[in-house]
Amino acid sequence: MPGKSTRKTIFVTRFLASLLVLALLAPVPAMSQAADERVTLNFVNADIVSVIKAVGGHTGKNFILDPRVTGTVNVVSEKPVPKDLLWPMLLSVLRTQGFAAVESGGFVKIVPEAEAKTGASPVGEAATKISGDRVVTRVFLLQNESAVQLVPVLRPLVTANNFVAAYPNNNAIVITDYAENVKRIESIIRSIDQPTGADVQVIALKNASALDVAQTIAKVIPETSPAPSAPGMPAKAAVAVDARTNSLLVRGDNPGLLTRIKALAASLDTPGAGAGNIHVVYLRNAEAVKIADTLRALLGGAESARTASSAANATGTNASANTGASGTASAAAPAATASIIQAYPPTNSLIIIAPEPTYRALRAVIDKLDARRAQVFVEALIVEVSTGLASEFGVQWQGGRNIGNGQSVFGGTNFNTGVAGGAGTNIIGAALDPRTLGAGLNLGLINGLLKIPGTDIEVLNLQVLARALEADSGANVLSTPNVLTLDNEEAKIIVGQNVPFITGSYTPSSTTATNPFQTIERKDIGLTLKVTPQVAEGGTVKLKIFQEVSSVTREAQLVRSADIITNKRSLESTVLVDDGQIIVLGGLIQDDQQAGVDKVPLLGDLPWIGSLFKYETRNRKRTNLMVFLRPVVLRDDKAANSITSDRYEYIRNLQQGMSLPPNVLLPGAKATELPPIDATRGNKSLLPK
87 MPGKSTRKTI FVTRFLASLL VLALLAPVPA MSQAADERVT LNFVNADIVS VIKAVGGHTG
147 KNFILDPRVT GTVNVVSEKP VPKDLLWPML LSVLRTQGFA AVESGGFVKI VPEAEAKTGA
207 SPVGEAATKI SGDRVVTRVF LLQNESAVQL VPVLRPLVTA NNFVAAYPNN NAIVITDYAE
267 NVKRIESIIR SIDQPTGADV QVIALKNASA LDVAQTIAKV IPETSPAPSA PGMPAKAAVA
327 VDARTNSLLV RGDNPGLLTR IKALAASLDT PGAGAGNIHV VYLRNAEAVK IADTLRALLG
387 GAESARTASS AANATGTNAS ANTGASGTAS AAAPAATASI IQAYPPTNSL IIIAPEPTYR
447 ALRAVIDKLD ARRAQVFVEA LIVEVSTGLA SEFGVQWQGG RNIGNGQSVF GGTNFNTGVA
507 GGAGTNIIGA ALDPRTLGAG LNLGLINGLL KIPGTDIEVL NLQVLARALE ADSGANVLST
567 PNVLTLDNEE AKIIVGQNVP FITGSYTPSS TTATNPFQTI ERKDIGLTLK VTPQVAEGGT
627 VKLKIFQEVS SVTREAQLVR SADIITNKRS LESTVLVDDG QIIVLGGLIQ DDQQAGVDKV
687 PLLGDLPWIG SLFKYETRNR KRTNLMVFLR PVVLRDDKAA NSITSDRYEY IRNLQQGMSL
747 PPNVLLPGAK ATELPPIDAT RGNKSLLPK
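Under our numbering, the first residue of the sequence shown carries the number 87, and numbering increases by one thereafter.
In structure tokens:
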């Protein structure tokens with residue numbers, strides 16, 4: 087640790103350096119400054135803060151410095167430099183030290199380079215006018231190349247602490263970097279984003295199916311693969327199918343590659359062996375059984391129409407007669423060749439036996455029906471907020487005395503009331519067993535025991551019972567079930583318990599030997615969501631919904647029911663929703679208010695003293711229930727991966743927060759954590775290690 091003399095020396099050195107900086111940058115006399123507007127720079131191990139202050143004095147800029155802006159710089163000029171170069175030179179000095187300047191609101195903020203991209207840097211048209219080492223943000227819209235494929239090429243050209251990303255929706259690239267570097271990247275983008283000069287050639291097929299030929303070409307000629315080309319690989323070609331004309335559309339930059347594709351297509355375009363060719367079509371998305379039924383129905387309708395037309399036209403009879411001889415000849419119309427379509431579920435494929443023209447027509451229909459079906463991610467939000475207020479107050483009197491000869495005298499007030507339906511609020515019940523008293527404040531006066539005449543029962547001589555109770559309850563229930571399903575396929579999710587309900591019982595008499603029994607029926611109690619989505623081409627989603635929320639009430643025993651009581655909220659509806667739109671399905675707003683008064687006639691109506699001869703109860707319950715729903719259409723694997731990653735990281739963060747704090751007396755209890763979502767890609771296991 088440096089001593090006091092050393093620290094003093096360092097302080098003096100820095101102070102002198104600051105004075106030197108101010109002296110070197112001090113304004114020259116008015117005549118000399120107006121003549122050339124030049125400044126001599128000579129910073130050797132100068133404090134960066136002092137240099138910024140000196141430049142600010144000459145440029146008139148106001149600076150706000152981040153506390154992390156520290157260090158020393160060296161700037162030396164052999165000859166005086168123009169005053170206009172002070173600001174660009176300061177930006178270059180800041181860049182070499184890992185700092186950047188962000189201008190906003192008339193101030194210049196000097197921050198670390200990594201935070202400059204989130205500041206108020208110039209954007210759009212204003213950014214194109216900036217040069218040098220200022221941080222700017224530019225958006226480049228590509229016309230020919232793919233933004234997603236171009237970003238990995240540009241990322242090494244962007245400085246480490248700055249930003250580059252692709253926005254696939256409009257094929258754009260967003261770059262935040264120093265203006266000088268962004269202009270260099272712009273020239274690279276313009277050189278790459280050029281239209282291809284290749285022409286599209288049409289290859290008409292006469293015998294083979296264009297769909298089958300295109301699949302064969304993709305398998306044997308790897309250059310037609312849609313994957314991006316690696317550096318040094320031959321140019322690739324694109325092959326598309328026009329099912330209407332049974333043609334191949336081929337585009338490529340390599341003439342030799344196009345010649346290979348043409349030759350292969352011509353060799354495959356040969357007539358099949360016989361009129362009953364057997365074809366196997368493997369499906370990617372649709373179900374083979376359903377497609378086979380559809381195609382058989384389609385062929386059945388076509389054959390019926392063809393048969394009816396042939397029967398109407400074939401009515402002529404050919405006959406010829408010669409002298410001394412006669413003969414009869416008839417010609418029957420040829421029977422239409424039958425087509426056979428059979429599904430093979432193990433491989434989800436179709437076996438088709440049909441002539442080539444029929445097969446080509448069926449193949450075009452199969453390709454249309456075997457399209458990737460959209461998926462729908464349905465989020466439901468069920469919110470129930472309920473509050474309850476209850477209060478009761480009352481006084482009950484009771485008195486009794488044995489007068490002998492097996493006789494007793496008693497009297498008093500007896501109110502069988504209360505918020506809980508009278509349980510634990512009755513003075514006679516409390517005299518039999520004080521443990522049955524209900525919740526709240528209970529005050530009583532007991533005067534010995536009282537024997538009930540004619541029995542051996544003795545009870546407390548409870549003469550006064552005063553009760554007071556005020557209850558305030560609230561519940562906030564939030565349920566968020568969500569399901570993912572295919573278009574036009576029902577999805578169902580149940581989260582709850584399977585609760586047994588007594589439906590009957592039998593208790594035999596003492597004279598029989600039959601065992602007693604009960605019959606029980608189990609029902610699902612909890613949350614049930616069933617939804618069937620139907621996606622339209624315009625982006626709307628038709629939803630057939632059934633939703634039910636049931637629970638066992640907490641007041642089942644208090645209302646003296648024969649068995650447990652369940653609360654049930656169910657909704658069944660069909661709605662039309664836009665993709666990603668939140669819609670309310672239904673709701674309930676209920677306000678239940680009850681009040682009761684039990685009193686002794688006349689005495690209970692007296693002012694003040696009447697409260698000693700009556701029992702008042704009040705109960706109010708409010709329930710607010712709302713059900714919301716939001717469907718999201720997932721049309722490709724990227725959208726599905728985005729939803730999956732979001733839900734996966736959410737549950738993973740919840741797991742990480744379940745670790746117990748360390749304890750010297752107990753063993754460690756670290757929560758099991760799922761691996762990051764990127765670590766589960768490919769063939770790696772999803773299970774935690």
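In this text, a Cβ means the ideal position worked out from N, Cα and C, and glycines have one as well.
Item	Value
Tell me the DSSP secondary structure of F501 in three-state form.	coil
Can you find at least 3 beta carbon pairs, one from the segment 334–342 and one from the segment 272–288, that sit closer than 8 Å?	yes
What's the call for P341, buried or exposed, on a 16-neighbour Cβ count within 10 Å?	exposed
Can the beta-carbon of T652 be found less than 7 Å from the beta-carbon of V638?	yes
Any idea what DSSP makes of T262, helix, strand or coil?	strand
Distance check for V627 and V569, CA to CA, integer angstroms please.	15 Å
Mark L715 as exposed unless 16 or more other C-beta atoms lie within 10 angstroms of its C-beta, in which case mark it buried.	buried
How big is the Cα-Cα spacing for L243 and R276?	15 Å
Got a sec, what are the start and stop residues for the beta strand (DSSP E) R608 sits in?	F603 to V621
Taking the beta carbon of N230 as the centre, do at least 16 other beta carbons fall within 10 Å, making it buried, or is it exposed?	exposed
Quick check on the DSSP output: the beta strand (DSSP E) that includes K292 runs from which residue to which?	No beta strand (DSSP E) holds K292; DSSP gives it neither H nor E.
Taking G143 as part of the alpha helix (DSSP H), name the residues at either end of that continuous run.	I134 to T145
Quick one: residues in its chain with C-beta nearer than 8 Å to the C-beta of A554, no 5 flanking neighbours on either side, listed in chain order?	E478, F479, G526 and L527
Based on DSSP bridge pairs, tell me the residues matched to N653.	S637
What number of angstroms, rounded off, separates the C-alpha of D610 from the C-alpha of K578?	14 Å
Considering just the uninterrupted stretch of the alpha helix (DSSP H) at R446, what are its terminal residues?	E442 to L455
Exposed or buried, what is P717 when buried is set at 16 or more other beta-carbons lying within 10 Å of its beta-carbon?	buried
Between which residues of its own chain and E607 is the CB-CB distance below 6 Å, once the five residues before and five after are set aside?	F587 and T589
Measure the C-alpha to C-alpha separation of D677 and V713 and round it to an integer number of angstroms.	18 Å
Whose C-alpha, out of V130, D170 and T730, is nearest the C-alpha of F463?	T730
Just mark S728 as buried or exposed, buried being the case when its beta carbon has 16 or more other beta carbons within 10 Å.	exposed
Ignore the nearest five residues each way along the sequence and tell me which others in G624's own chain have a CB closer than 6 Å to its CB.	none
Helix, strand or coil: which one does DSSP assign to D379?	helix
Express the C-alpha separation of Q633 and K269 in angstroms, rounding to a whole number.	57 Å
Can you tell which of K454, D665, G682 and L228 has the C-alpha that lies nearest to the C-alpha of L720?	D665
Starting from D732, trace the alpha helix (DSSP H) in both directions and tell me its first and last residue.	D723 to Q742
Please report the straight-line C-alpha distance between I737 and P567, rounded to a whole angstrom.	14 Å
Mapping DSSP to helix, strand and coil, what is N267?	helix
State yes or no: is the C-beta of I514 within less than 7 Å of the C-beta of L551?	no
Which stretch, first to last residue, makes up the beta strand (DSSP E) that contains Q235?	Per DSSP, Q235 belongs to no beta strand (DSSP E); it is in the alpha helix (DSSP H), A233 to L240.
Buried or exposed, going by whether 16 or more other CB atoms sit within 10 Å of the CB of I134?	buried
Run through DSSP, which three-state label would Q280 get?	coil
For P168, count neighbouring Cβ atoms within 10 angstroms of its own Cβ and tell me buried if that reaches 16, exposed if not.	exposed
Around the C-beta of S207, are 16 or more other C-beta atoms found within 10 angstroms, so that it is buried, or is it exposed?	buried
Quick check on V162: does DSSP put it in helix, strand or coil?	strand
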